[in-house]
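Structure first, then comments.
In full-length UniProt numbering, the protein residues as written are 1 to 338.
Below is the structure:
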């Protein structure tokens, strides 16, 4: 390792340690100390959250503005060298904080997502239901450019959903895709040597055709997940199964179409959503805030600059991702390409 890389590594370590300490102290003083003592004091490995005030107001009656932006998948939290579009663990951490923070009296969830993993979408859905049941606070959703499939799944349990006329939503359903490259391999002279414990161990793996029996197995699994999705929409929207299934064939809808189908409540912007929850629940004077991660501090930003100068190149990071990512087919609540 050359001198420049040693200097960059030492600088990054110093900045990370400084950032963790600084942001932990800021989190303690910026959060309701007595009501959220356990949530504020970070344990080793915890994701430390800061709070950024969007609209000042009453600190005892606050509105949390949450954002889900990007594909809903747990791909890790990134580091000083790389950023992730959506950080699943960070978002789940935010929901846990709201569950413990009694000063939060309402939640506005801004969704701009094509959906994502079945497991991750279900985890968010369950946590939102837990917040509603235990905290008895309202949750309003503001849909952005897209809130489709898993993006709609997490919106369904909210008390009111706003969409733009241009919002792409719907896409209620489940998809699993794989690539069958067996014919291409045969043309190139590539032979697969497989030792397996059972006839279906390599099913849907791409190296051979999927048998009718295996397709039936997968379809049964997908159908079960689909029915769960329909149940979530039924419960969240107060709709009958028949009404949900009229539009639950995977189709996408614009905001106006979704309004007519009963999937959203109003056409409006994020500002309209915030104004509505203030008026509906007497929160006109409430503080509006959002969470920020500790590495969004000035120190971390500087650390990212150091990383861009001395860290791995774009080509090295891309190659590392290819070599370390397992691309087995998985069931997804997702609209668009995998």
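Yeah, the Cβ is synthetic: ideal placement off N, Cα and C, and Gly gets one too.
In chain order, what residues of the same chain have a beta carbon less than 8 Å from the beta carbon of residue i, not counting five sequence neighbours either side?
i           : result
residue 202 : 194, 196 and 208
residue 94  : 49, 64, 66 and 291
residue 287 : 53, 55, 56, 57, 58, 59, 61, 62 and 63
residue 267 : 162, 163, 164, 165, 255, 256 and 259
residue 186 : none
Quick test of your reading: residue i and residue j, contact by CB under 8 Å. State the CB separation rounded to the nearest angstrom.
i           : j           : result
residue 130 : residue 109 : Their Cβ separation, rounded to whole angstroms, is 14 Å, which puts residue 130 and residue 109 out of contact at 8 Å.
residue 86  : residue 68  : 7 Å
residue 255 : residue 264 : 7 Å
residue 276 : residue 165 : Their Cβ separation, rounded to whole angstroms, is 17 Å, which puts residue 276 and residue 165 out of contact at 8 Å.
residue 222 : residue 176 : 6 Å
residue 218 : residue 204 : 7 Å
residue 289 : residue 133 : Not a contact, Cβ separation roughly 23 Å.
Residues in its own chain within less than 7 Å of residue i by CB, not counting five upstream and five downstream?
i           : result
residue 241 : 230 and 234
residue 200 : 214
residue 135 : 99
residue 272 : 162
residue 75  : 84
residue 237 : 156, 262 and 263
residue 116 : 71, 72, 73, 150, 332, 333 and 334
residue 359 : Only positions 1 to 338 of the chain appear in this structure, which leaves residue 359 out of reach.
With DSSP run on the structure shown, which of helix, strand or coil describes residue i?
i           : result
residue 297 : Because residue 297 carries a pLDDT of 48, less than 50, the predicted location of this residue cannot be relied on, and the following value inherits that uncertainty. Three-state result, residue 297: coil.
residue 266 : strand
residue 106 : strand
residue 124 : helix
residue 58  : strand
residue 158 : coil
residue 41  : Its pLDDT being 47, under 50, residue 41 is placed unreliably in this model, and the coordinates cannot settle the point.
residue 181 : coil
residue 63  : strand
residue 256 : helix
residue 236 : helix
residue 333 : strand
residue 273 : helix
residue 213 : helix
residue 53  : strand
residue 188 : helix
residue 218 : helix
residue 152 : helix
Going by CA-CA distance only, name the one from the options that's closest to residue i.
i           : options               : result
residue 252 : 102, 50, 149 and 123  : 149
residue 120 : 88, 156, 249 and 228  : 88
residue 262 : 107, 239, 69 and 275  : 239
residue 226 : 236, 249 and 282      : 249
residue 245 : 166, 285, 172 and 186 : 172
residue 182 : 105, 159, 206 and 175 : 206
residue 127 : 156, 96 and 140       : 96
residue 91  : 223, 105 and 70       : 70
residue 329 : 179, 157 and 73       : 179
residue 124 : 141, 154, 283 and 137 : 154
residue 232 : 118, 176 and 284      : 118
residue 224 : 174, 122, 140 and 243 : 174
residue 331 : 187, 285, 293 and 220 : 220
residue 122 : 152, 278 and 186      : 152
Around the Cβ of residue i, are there at least 16 other Cβ atoms within 10 angstroms (buried) or fewer (exposed)?
i           : result
residue 344 : Examination of residue 344 is not possible in this model, given that the chain is present from 1 through 338 alone.
residue 269 : exposed
residue 145 : exposed
residue 170 : buried
residue 147 : buried
residue 192 : exposed
residue 113 : buried
residue 343 : Residue numbering for the chain in the displayed model covers 1 to 338; residue 343 lies beyond these limits and cannot be assessed.
residue 334 : buried
residue 101 : buried
residue 211 : exposed
residue 73  : buried
residue 105 : buried
residue 340 : A query on residue 340 cannot be resolved here, the shown segment of the chain reaching from 1 to 338 and no further.
residue 168 : buried
residue 10  : exposed
residue 339 : Nothing can be reported for residue 339, as the shown portion of the chain is limited to 1 through 338.
residue 198 : exposed
residue 189 : exposed
residue 143 : buried
Considering only residues of the same chain and omitting the five flanking positions on each side of residue i, which have a CB-CB separation below 6 Å?
i           : result
residue 38  : No answer about residue 38 holds up, because its pLDDT of 43 lies below 50 and its placement is not dependable.
residue 336 : 114
residue 278 : 284
residue 274 : 108
Checking contacts by CB at 8 Å: is residue i closer than that to chain B?
i           : result
residue 206 : Within the model displayed, chain B is absent; a lone protein chain is all it includes.
Given the structure, does residue i come close to the ligand ATP, in the sense that its CB is under 7 Å from one of the ligand's heavy atoms?
i          : result
residue 68 : The ligand ATP is not part of the structure shown, which contains no ligands of any sort.
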